[in-house]
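Reading through the structure tokens given below for one structure.
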């Protein structure tokens, strides 16, 4: 007999969860800012930018460093990032298998732009598994850590927020899931967390943590629909 499923839907973050992209983005941003005379490191990028949309990141850079970014910066950065993705981007080990075996609806909710999200998922071969169920911060008024994107994804997919499970890597995303009233599991297997994840403050504590998608169905076998 099939056990009752514990959730109605799983919402996956994209960057740093389904695809191992955050380390590529961080290194490129550090190099681009260095060319403008701004010195930041991976720790700074992880603490301030992980899980946030590009406009939010740019606004903070302007504010923190009183930097007047040239008009060409955004287009140039985005073009060079997508070129780097073409060379280096990889699917997170085991992620495709989880999407294949999952017994309940799933979607992607990402702070990336629609173009970047689609191209990243195409490069890694995941696009056919999620096409039609990818939602981006551009579709809501407020990006993560506000709950808007997760609530929007749930509404579009016809799921109750309290019955949704979110898979996130960033504290920003965990805060958004918490604010949306959803259960959240923190994925710690991305290359950008290789030196260890930052401490979790009280408002960004996940329900549990896992470091490999090979562990995913061992956490709760019911989500495969086979027990």
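Residue numbers (this note's numbering): 3 to 229.
Here a beta-carbon is modelled for each residue, glycine too, at the ideal position from N, C-alpha and C.
Identify which residue in the options has its Cα closest to the Cα of residue i.
i           : options           : result
residue 136 : 48, 92, 151       : 151
residue 226 : 126, 105, 201, 87 : 105
residue 138 : 164, 180, 55      : 55
residue 71  : 178, 38, 47       : 38
residue 116 : 17, 217, 63       : 17
residue 23  : 88, 99, 7         : 88
residue 163 : 171, 178, 98      : 178
With DSSP as the reference, please indicate the residues paired to residue i in a beta bridge.
i           : result
residue 166 : 11
residue 188 : 170, 211
residue 235 : For residue 235 there is no data in the structure shown, the boundaries of the chain being 3 and 229.
Taking just the CA atoms, how far does residue j sit from residue i?
i           : j           : result
residue 21  : residue 15  : 9 Å
residue 229 : residue 222 : Only weak support exists for where residue 229 lies, its pLDDT of 46 falling under 50; the value from the coordinates is given anyway. Cα to Cα, residue 229 sits roughly 10 Å from residue 222.
residue 123 : residue 129 : 5 Å
residue 60  : residue 6   : 45 Å
residue 19  : residue 69  : 31 Å
residue 127 : residue 13  : 18 Å
residue 212 : residue 96  : 13 Å
residue 140 : residue 216 : 32 Å
residue 218 : residue 63  : 36 Å
Task: Three or more C-beta pairs below 8 Å linking the region 21-41 and the region 66-85 - done: yes
Task: Contact the region 146-164 vs the region 181-195: 3+ CB pairs below 8 Å - done: yes
Open item on the list: Check whether the region 101-120 and the region 62-76 touch, using three or more Cβ-Cβ pairs below 8 Å as the test.
Closed with: no
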